[in-house]
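To keep things clear, I will list the structure first and then write my remarks on it.
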Amino acid sequence: MERECVNYDHNEQLKKRLNPLQFAVTQENATEMPFQNEYWDNKREGIYVDIISGEPLFSSVEKFNSGCGWPSFTKPLDKEKIREKVDTSHEMVRTEVRSKKANSHLGHVFTDGPQPGDLRYCINSAALRFIPKEELEQEGYGEWLTLFQKA
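Start counting the sequence shown at 1; every next residue gets the next number (full-length UniProt numbering).
Structural data, given as structure tokens:
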């Protein structure tokens with residue numbers, strides 16, 4: 001069986017920086033409880049970034065209420081910022097979503113989302129940090145403000 005190389009110094013640094021749930025989700029592929037997580041019903045405008053790297057991943061523009069109890073998005077901000085891989089854990093076949101830069105486990109993508117793409121990115125709040133539209137500029141994400149300009 002192939003083993004993944006673990007960087008213990010990196011893991012120790014992350015354990016100090018993240019709360020236990022954030023570490024379990026991003027580093028150990030855990031799943032938080034539905035309807036009991038920070039962003040499942042967040043309706044504010046803004047973007048969601050990787051809790052570890054700060055990489056912009058999802059936007060409230062693409063967020064929708066899927067009824068599953070986790071934040072759901074129709075697509076990522078940039079498909080190049082995520083990786084998808086087959087997940088055969090829990091006696092099922094799913095597509096896992098990971099952040100490309102930090103390799104954080106984010107959640108899964110399913111093909112039961114709304115039209116036109118039919119995708120539902122079901123993402124753990126614990127893997128994300130939400131940045132409200134009003135704070136994008138001061139947080140260094142000002143280029144994403146155009147997402148929220150009304151036509």
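Using N, Cα and C, we set each Cβ at its ideal position, and we do this for glycine too.
- In summary, F64 is exposed, with fewer than 16 beta-carbon neighbours lying within 10 Å of its beta-carbon over all protein chains present.
- Within the region 57-103, the beta strand (DSSP E) runs of at least 3 residues that lie entirely inside it are, in chain order, 82-87, 94-99.
- In the DSSP assignment, P132 falls within the beta strand (DSSP E) that extends over 128-132.
- Spanning the alpha carbons of E38 and F130 requires a straight line of approximately 9 Å.
- Residue pairing from DSSP places G46 in a beta bridge opposite P132.
- Here D118 is exposed: its Cβ has fewer than 16 other Cβ atoms, across all protein chains shown, within 10 Å.
- The three-state secondary structure of L106, taken from DSSP, is strand.
- Residue pairing by DSSP puts R120 in a beta bridge opposite F110.
- In chain order, T26, D50, I52, S53, E55 place their CB closer than 8 Å to the CB of A102, counting only its own chain and leaving out the 5 sequence neighbours on each side.
- D78 has its alpha-carbon roughly 13 Å from the corresponding atom of E84.
- Burial check for P71: the Cβ neighbour count within 10 Å reaches 16 or more, so the residue is buried.
- Within the same chain, and ignoring the five residues on either side of T74 in sequence, the residues whose Cβ sits closer than 7 Å to its Cβ are E62, F64, G113, P114, G117, L119.
- DSSP places L21 in the uninterrupted alpha helix (DSSP H) bounded by 20-28.
- Rounded to whole angstroms, the separation of the alpha carbons of Q13 and H105 is 17 Å.
- When only Cα atoms are considered, E80 and L147 end up about 18 Å apart.
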